[in-house]
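In this text, residue positions in the sequence shown follow my numbering: the first is 15, and each later residue adds one. C-beta atoms are modelled at their ideal positions from N, C-alpha and C, and glycine is treated no differently. Structure first, then comments.
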Amino acid sequence: MKNISIIGSGNVATHLALSLKKNFFCIHQIYSRNIKNAANLASLVNAKYTSKITEIEKVDLIIIAVSDDAIIQIIENLKGTNIVHTSGSVSLDIFNNKYKNYGVLYPLQTFNKKNAVDIKHTPILIETNNCEFEKKLVKIASIISDNIFILNSEEREKIHLAAVFACNFSNHMYTIANNILKKTNVDFSILMPLIKQNVSKIKNNNPLKVQTGPAKRKDFNVIKKHIQQINDNQIKMIYKLITQSIIEADEKIQPNE
């Protein structure tokens, strides 16, 4: 399966298209509801482009890389034989046995068009409706990544949930931290050594075991001062909830763990 078309022109679609092209796959066609976006991505991978789903041509594999809410609409209007979506939170059942071969090719990574990502080390989670198609999909995935997992929808959805906490929520915490620093005219870069050290610690340790900070120490005087410094009620609530969660998690640790 060397000829591939991609439905979508966003972050995931862009990085997959570039990685596949880099590894000598032929990106035949790009579809996007926004013709300009389709044309822009197509120009990067030397592909045809369209904004009409009925104009999708026959290829070896179609990859649906759109928002979760848009997947069902695409499936209802798409003809083909070998089709996969790239969502971490949408079940394989969404295909409803409409196609001969269908599946999921989910790259467990945060993507942004403006930032380069090495997909070679990105975990790719695969699920298909039959063993033969699984072998073909694994073969493709193994060319662009050395980190392949065969998992069912329930397992993948749990991993996606964990990823939201580990990546999306933590990034929002960085946003909150950045907003606090702005009030004192201090650049966010002052926190980078701290962030890098934290990531380094959890590479080889249970995150629970290397937790630090006032909540871990039960330093309620510091906690009280922090709460008093927060004017935004929503941020104050987040601080209290996470503090309580850390305290309770720490109390559940068994002495011999």
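inquiry  = I need the DSSP call for LEU55, collapsed to helix, strand or coil.
reply    = Three-state DSSP puts LEU55 in a helix.
Check: What's the C-alpha gap between GLU265 and SER103?
Finding: So the alpha carbons of these two residues sit roughly 32 Å apart.
Point to revise | Given 8 Å, three or more beta-carbon pairs between the region 172-188 and the region 90-110 | key: Output reads yes: the region 90-110 touches the region 172-188.
Proximity of PHE202 and ASN192 at Cβ, strictly below 8 Å = Taking 8 Å as the Cβ cut-off, PHE202 and ASN192 qualify as a contacting pair.
Alpha carbon to alpha carbon, how far is TYR120 from LYS238?
Their backbone Cα atoms lie some 43 Å apart in a straight line.
In the DSSP assignment, find the alpha helix (DSSP H) that holds GLU262 and state where it starts and stops.
Annotation: the continuous alpha helix (DSSP H) that includes GLU262 extends over 247-265.
Based on the DSSP secondary-structure assignment, which residues constitute the bridge partners of GLY117?
Its beta-bridge partners are VAL98, THR142.
Would DSSP call THR64 helix, strand or coil? In the structure shown, THR64 sits in a strand (DSSP, three-state: E or B).
(request) Using only alpha-carbon positions, find the residue among ASP82, ASN220, ILE89, LYS50 that is nearest to VAL26. (result) Of the listed residues, the one whose Cα sits closest to VAL26 is ASP82.
Query raised in the report: Hey, out of GLY24, ASN17, ILE140, ILE256, whose CA is closest to TYR116's CA?
Result: Nearest of GLY24, ASN17, ILE140, ILE256 to TYR116, Cα basis: ILE140.
Quiz item: Beta carbon of LYS232, beta carbon of ILE252: below 8 Å?
Solution: Pairing LYS232 with ILE252 gives a Cβ-Cβ distance that is not under 8 Å.
Where does ILE244 fall in DSSP's three states?
Of the three classes helix, strand and coil, the one that applies to ILE244 here is coil, per DSSP.
- prompt: Can the beta-carbon of ILE157 be found closer than 8 Å to that of ASN247?
  reply: In this structure, ILE157 lies away from ASN247, with their beta-carbon atoms at least 8 Å apart.
Quiz item: Looking at SER19 and THR48, is the spacing between their C-beta atoms short of 8 Å?
Solution: Going by the sequence as given, residue 48 is Asn instead of Thr. The criterion of a C-beta distance shorter than 8 Å is not satisfied by ASN48 and SER19.
Helix, strand or coil for SER19 per DSSP?
Residue state for SER19 is assigned as strand, using DSSP reduced to three classes.
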